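This report refers to the structure that appears directly beneath it.
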Amino acid sequence: MEHVAITSRDPFRFSAVVGEDRTELFAVHAAQEVLERLRGRSVINVSSTAAGGGVAEMLHVLLGLIRGIGLDTRWLVIDGNPEFFEVTKRLHNHLYGTAGDGGDLGEAEHLIYDDTLQPERDALAAHAREGDIVVLHDPQTAGLAALAKQLGCKVVWRCHVGIDEQNDHSRTGWEFLRPYLEPFVDHYVFSDRRFPPDWVSPDRLSVIWPSIDPFAPKNQNLDDATVEAILTHVGLIAGTPGDTVFERDDGSPGRVELMCDIVRTGPPPGPDVPLVVQISRWDSMKDMAGVMQAFAEYVDSGRTAQLVLAGPVVTAVADDPEGGQVLQECWNLWRQLPHAVRARVQLACLPMHDLEENAVIVNALQRHAHVVTQKSLAEGFGLTAAEAMLKGTPVVASAVGGLIDQVIDGESGLLVQDPTDLEEFGAAVCRILDDDDLRRRLGEGARARAIDTHLGDTHLRRWLGVVRALYDD
Ligand code: UDP
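For any residue, its number in our numbering is found by taking its place in the sequence shown, counting from 1, and adding 699.
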């Protein structure tokens, strides 16, 4: 297991965004109660990756804040292998209601899953003590619940994925996981009340939305010149070069040095060209190909707007074996577009060597975009929507999973009812591109909504409920 370093974050900094009263609610009152109930015990988080994707993004922020309120928390990342991640990606896709790669989830897959997690159990035993809270994230770590329970820990399983209505695939996924969870888990945390299977009892369940940090490189304020300089440096637009400086998590200055791998014909667009942007892992559920098709068929004509599909360099996300294939499919589709459309579409792989540089590139892209889309076919939460919203950038999102909870249709973005309907999606994007007033109004609504519901202080206050349920003594 890898031990991930956590940078402590000052909770009182939040008052600049949410005001002093709201900051006190979590940084003083909630913090005090949590510290009293935990009495020196630790909170140990286990996930399958520390880079790429919403869970890693959220943990960097949340655990920093937990450290900031004076609680000991750690973050361990399991060592998987390609066979294991093939099984867990299949499981992940099943929980999203699809067959994934079409393979089985039977005895052979249980064996691969158990064998891979066996050495991880020893590693966990070296860190966890009786009475600690062990928070296991997502299907990849569910197999550690039995050991955590045996060590005398309070076991929480936090699930970030799911679908709005269970189907045969999701039921198969849940049956695979059930024996690892049901006998051992003290409390479940899901991102959406529609996701849990029926064997999760409501009195052991909390629904908690993930959150973002307004001061992290992903979301911190960047002025227009810095945004332009960063996007110009990485090759996504042809603007004015300049300083690409940002503030790192530890407060020191950083500078964007790395560049993106970009597939495009011709030169980059100028800084005034409106961009429609989707930033996601290269995952079939994110439907990057659908965004490209919708743009080509329903958005491109007669408009100057261009499309940027951006995701991480595929080799960097160890627990996601599907990335290379999805990116390849996007490249193939891009090659088949008529030349005039192809010239308006860029596919970009963002560097992952330095995660804070990656984050600030995402930040600049979300700020520069006219419209950020999240055309997911299913979505656990969709941090990319919250991130764009905080920056006042309007979002067009599918009405699925956590995106429904985030975006109030017509107030803080536009929801597309049928995630497979390219025409409806294209029309929503065009409505924003063609109407500056609407764009401004949705942008303002989006920022207000993000501050209201998607920030770390609200998230931590909701965890207080979990701590109360676990230590009601
Ligand atoms: N992300 C990133 N770099 C990339 C692509 C995505 O940092 O090249 C981040 C994105 O900004 C967001 C997270 O990965 O913070 C994706 O989280 P989301 O909840 O949208 O989806 P998930 O990947 O968890 O399914």
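In this text, a Cβ means the ideal position worked out from N, Cα and C, and glycines have one as well.
Note that the coordinates shown come from a computational prediction; the quantities given were computed from them, not determined experimentally.
Whether residue i touches residue j by CB criterion (8 Å)
i, j, result
"GLY769", "LEU737", "no"
"HIS859", "SER905", "no"
"LEU1064", "LEU935", "yes"
"GLU927", "PRO970", "yes"
"GLU956", "GLU1055", "no"
"SER910", "LEU761", "yes"
"MET700", "VAL786", "no"
"ARG828", "LEU804", "no"
"LEU880", "ALA841", "yes"
"MET1051", "ALA824", "no"
"TRP898", "ARG877", "yes"
"GLN1073", "GLN977", "yes"
"VAL1128", "VAL975", "yes"
"LEU1082", "VAL1095", "no"
"TRP774", "HIS1158", "no"
"VAL933", "MET958", "yes"
Close beta carbons around residue i, own chain, < 6 Å, minus the five adjacent residues each side
i, result
"SER979", "LYS985, GLY1010"
"ALA924", "GLY941"
"VAL742", "THR772, ILE832"
"LEU1076", "MET984, ASP986, PRO1118"
"PRO896", "TRP873"
Beta-carbon contacts of residue i that lie in its chain and below 8 Å, excluding the five residues immediately before and after
i, result
"GLY1142", "GLY1091, THR1092, PRO1093"
"MET991", "LEU1006, LEU1008, CYS1029, LEU1032, TRP1033, LEU1036, VAL1044"
"LEU1026", "TRP981, GLY1010, VAL1013, LEU1046, CYS1048"
"VAL855", "ILE832, VAL833, VAL834, LEU835, VAL884, ASP885, HIS886, TYR887, VAL888, VAL1165, LEU1169"
"ARG1160", "LEU724, PHE725, ALA729"
"ALA845", "TYR879, PRO882, PHE883"
Whole-number beta carbon distance between residue j and residue i, since they are thought to touch under 8 Å
i, j, result
"GLY779", "ASP1120", "Contact doesn't hold; Cβ gap of about 36 Å is too wide."
"LEU930", "PHE945", "LEU930 to PHE945, Cβ: 13 Å. No contact."
"SER917", "VAL717", "Sequence inspection shows Lys at residue 917; the Ser mentioned does not correspond to that position. LYS917 to VAL717, Cβ: 18 Å. No contact."
"GLY1173", "GLY1079", "Coverage of the chain is limited to positions 700 through 1172, which leaves residue 1173 absent and any answer about it impossible."
"HIS868", "ALA807", "Not confirmed; about 18 Å, so no contact."
"SER707", "GLY763", "6 Å"
"VAL1071", "LEU1132", "That pair is no contact at about 12 Å."
"GLY965", "ALA1058", "Going by Cβ atoms, the distance from GLY965 to ALA1058 rounds to 28 Å, so no, they are not a contact pair."
"VAL1099", "ASP863", "6 Å"
"ALA937", "PRO913", "Actually they do not touch by this definition, with Cβ atoms about 30 Å apart."
"GLU996", "GLY796", "Not confirmed; about 26 Å, so no contact."
"SER1111", "ALA1068", "Actually they do not touch by this definition, with Cβ atoms about 16 Å apart."
Min CB distance residue i to chain D below 8 Å
i, result
"PRO913", "In summary, chain D is missing from the structure at hand, where a single protein chain is found."
Close beta carbons around residue i, own chain, < 7 Å, minus the five adjacent residues each side
i, result
"ALA988", "GLU1028, CYS1029, LEU1032"
"PHE783", "ILE811, TYR812, THR815"
"ALA1149", "ALA1085, MET1088, LEU1089"
"ARG721", "ASP1156"
"VAL754", "SER746, HIS836, ASP837, HIS859"
Span of the alpha helix (DSSP H) around residue i
i, result
"LEU993", "According to the sequence displayed, residue 993 carries Ala and not Leu. Run containing ALA993: 987-993, per the alpha helix (DSSP H) assignment."
"ARG1130", "1121-1132"
"HIS932", "923-933"
"TYR812", "806-826"
"GLY753", "753-767"
"THR1083", "1082-1089"
"ILE1150", "1135-1152"
"LYS848", "844-849"
"VAL1059", "1054-1067"
"TRP873", "867-880"
"PRO781", "781-794"
"ARG1041", "1038-1041"
Where residue i falls, given that 16 or more other Cβ within 10 Å makes a residue buried
i, result
"LEU810", "exposed"
"VAL727", "exposed"
"SER1097", "buried"
"ARG954", "exposed"
"THR1003", "exposed"
"GLN1176", "Any question about residue 1176 goes unanswered here, given that the chain covers just 700 to 1172."
"ALA715", "exposed"
"SER746", "buried"
"GLU874", "exposed"
"GLU819", "buried"
"ASN866", "exposed"
"HIS1153", "buried"
"ALA915", "buried"
"GLU1122", "exposed"
"ARG1167", "exposed"
"THR939", "exposed"
"ASP948", "buried"
Bounding residues of the beta strand (DSSP E) (the contiguous stretch that carries residue i)
i, result
"ILE862", "Looking at the DSSP string, ILE862 is not in any beta strand (DSSP E), and its letter there is neither H nor E."
"GLU732", "Segment 730-737 is the alpha helix (DSSP H) holding GLU732; no beta strand (DSSP E) there."
"PHE945", "944-946"
"ILE1103", "Taken as a continuous stretch (DSSP letters only), ILE1103 belongs to no beta strand (DSSP E), being part of the alpha helix (DSSP H) at 1100-1105."
"LEU1185", "Lying before the first or after the last residue shown, residue 1185 is absent from the chain, which here runs from 700 to 1172."
"LEU1006", "1005-1011"
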